[in-house]
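Numbering (my numbering), first residue to last: 11 to 476.
In what follows, a structure is listed as structure tokens, so that the remarks can point back to it.
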Ligand SMILES: [Zn+2]
Ligand SMILES: [Zn+2]
């Protein structure tokens, strides 16, 4: 068996790992690179392998850094099955056309500049039509249902507790060439235990090889209960300052988690009613998909949905759909909360809200999730005082707050806790999906507690024979 790390190696985005065994090619994830526009544009445009020669894709979850380049893969000749859980497939049915829409918009913007400078125009890597076509290649497999996906390769999804439908991927491989049988576990992105909505990441056993994420290696998240109180204090402050609380949030999971927490805080009367807007058509659709997949949600949430109480809705909440409604938010007076995508503030309506609000000292920008290096969200989180938003320079006068506890990713201790529950020899562990410093911190800790196994940080393009 051969593994090649084609993405999310030395960085957190662009997840793509190719497994070659018994003359077949299995691609784990096919994500988009995110970050500095110029660099990512080139990285996403080409594949370091021939898409037509890939036999199957196994998709861990519906985040764009894991699924976002699938329509491009299909357009370039991949005709096989894409295995995913039912909720992941449904989320992809809104995420992929949305990603295509954003990409087509970016290309149109670039082409306007190129045209002005007399340079050749660019074609989008894929369009909404390609995204819709690629959805027809999905085959859904529920958790704990083993499935033969290639000769000598049986795949099982188990819950990763990261977003709705997120999976860890177990591959039971019978390598005909070496005669060796082995079990490979791909962690996907690992969620935090004790999540309000989702089940904890599941343990697995008899594992020989691990491909493990390391986003928050060496980092500690705030306790969830403290974070809820912290959020409450921020909302009280915004009411006092009569300002806007702008929350860039991933449409999938972060937004629903926030709505659930706000709903609870309102029930407990932690703050008086405050106009709250979810300005992301994608988030509104994703919330509907949450309601459809109640089997993937915790009992309390499931019961609330059954009882027709809305765990994602409360007094004062308004869902914004049209562009005109979104523009109207610029003119509202007094305190308000605006939740909008994308979470890394790279694209989408959040950019307009940041343009309009970042310069006002009465406002607060609150980050509740991970931001990849060099994204606008990352710059704001790192205290940059001047930022460029959609071509114009802005001074940052609004307060910046961070609540990583709402993160969908396990922190350092939680990653170690997950690793300890993975049973088996774990003779080779490859760390992926982390900035170099974070992966190195996790590597150090894992070497301490698992001396029997080789713990490596995967490098981009690295090939391993097992
Ligand atoms: Zn993810
Ligand atoms: Zn990820």
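Backbone N, C-alpha and C fix where the C-beta goes; we use that ideal spot for every residue, glycine too.
Please read all numbers here as calculations on a predicted model, not as lab measurements.
Query                                                                                                                                                                                        : Result
State yes or no: is the C-beta of residue 27 nearer than 7 Å to some heavy atom of ligand 1?                                                                                                 : no
Can you list, in chain order, the stretches of the alpha helix (DSSP H) that have 4 or more residues and sit fully within the segment 59 to 107?                                             : 74 to 77 and 80 to 85
Spatial neighbours of residue 97 within its chain, please: C-beta separation below 6 Å, excluding the five flanking residues on both sides.                                                  : 174, 175, 303 and 306
Should residue 235 go down as buried or exposed, given a rule of 16 or more other Cβ atoms within 10 Å for buried?                                                                           : exposed
Counting pairs of beta carbons, one from the segment 356 to 373 and one from the segment 263 to 280, are three or more of them closer than 8 Å?                                              : no
How would you write the range of the beta strand (DSSP E) that residue 354 sits in, first residue to last?                                                                                   : From DSSP, residue 354 is part of no beta strand (DSSP E); its letter is neither H nor E.
Compare the C-alpha of residue 104 against each of 72, 79, 85 and 132 and name the closest.                                                                                                  : 72
Report buried or exposed for residue 277, applying the criterion of at least 16 other Cβ atoms within 10 angstroms of its Cβ.                                                                : exposed
Can you tell me whether DSSP reads residue 257 as helix, strand or coil?                                                                                                                     : strand
Comparing the CB of residue 179 with every heavy atom of ligand 1, is any distance shorter than 7 Å?                                                                                         : no
Going along the chain, which residues put their C-beta within less than 5 Å of some heavy atom in ligand 1?                                                                                  : 73 and 199
Which residue from 53, 159 and 259 puts its Cα closest to that of residue 32?                                                                                                                : 159
Given 7 Å as the limit, tell me if residue 166 has its C-beta closer than that to any heavy atom belonging to ligand 2.                                                                      : no
Relative to the C-alpha of residue 85, which candidate in 68, 60 and 118 has its C-alpha closest?                                                                                            : 60
Restricting to runs no shorter than 3 residues, where is the beta strand (DSSP E) found entirely within the segment 125 to 179?                                                              : 148 to 150, 157 to 160 and 163 to 169
Using 7 Å as the cut-off, classify the Cβ of residue 76 as near or not near the heavy atoms of ligand 2, replying yes or no.                                                                 : yes
Tell me which residues share the same chain as residue 88 and place their Cβ nearer than 6 Å to its Cβ, disregarding the 5 neighbours each side in the sequence.                             : 61 and 64
Please report the Cβ distance between residue 201 and residue 449, rounded to the nearest whole angstrom; I am assuming they are in contact, meaning their Cβ atoms lie under 8 Å.           : Between residue 449 and residue 201 the Cβ distance is about 19 Å, and since that is not below 8 Å, they are no contact.
Rounded to a whole number of angstroms, what is the C-alpha to C-alpha distance between residue 455 and residue 331?                                                                         : 46 Å
Might you give, ordered along the chain, the residues of its own chain that have their beta carbon closer than 8 Å to the beta carbon of residue 339, omitting 5 neighbours on each side?    : 287, 289, 330, 346, 348 and 363
Would you be able to state if there are at least three C-beta pairs under 8 Å between the segment 244 to 253 and the segment 314 to 321?                                                     : no
If you compare alpha carbons, which of 464, 453 and 356 is closest to residue 48?                                                                                                            : 356
How many angstroms separate the CA atom of residue 326 from the CA atom of residue 453?                                                                                                      : 46 Å
Please state whether DSSP places residue 252 in a helix, a strand or coil.                                                                                                                   : coil
Going by the C-beta, is residue 22 closer than 7 Å to any heavy atom of ligand 2?                                                                                                            : yes
Please work out which residues of its chain come closer than 7 Å, Cβ to Cβ, to residue 405, disregarding the five sequence neighbours upstream and downstream, and give them in chain order. : 369, 395 and 396
On the DSSP letters alone, give me the boundaries of the beta strand (DSSP E) that residue 50 sits inside.                                                                                   : Run containing residue 50: none in the beta strand (DSSP E); it sits in the alpha helix (DSSP H), 47 to 55.
Tell me, which residues are paired with residue 192 by DSSP?                                                                                                                                 : 183
Of the residues 92, 466, 122 and 142, which one's Cα is nearest the Cα of residue 108?                                                                                                       : 142
Between the alpha carbons of residue 218 and residue 417, how many angstroms are there, rounded?                                                                                             : 29 Å
Can you list, in chain order, the residues of its chain with a C-beta nearer than 6 Å to that of residue 196? Leave out the 5 residues immediately preceding and following it.               : 38, 179 and 221
Taking the alpha-carbon of residue 78 as reference, which of 42, 95 and 150 has the nearest alpha-carbon?                                                                                    : 42
Along the beta strand (DSSP E) that carries residue 17, what are the first and last residues, could you check?                                                                               : 12 to 17
Put residue 398 into one of helix, strand or coil per three-state DSSP.                                                                                                                      : strand
Measuring CB atoms only, is the segment 233 to 248 touching the segment 439 to 446, in the sense that at least three cross pairs come out at less than 8 Å?                                  : no
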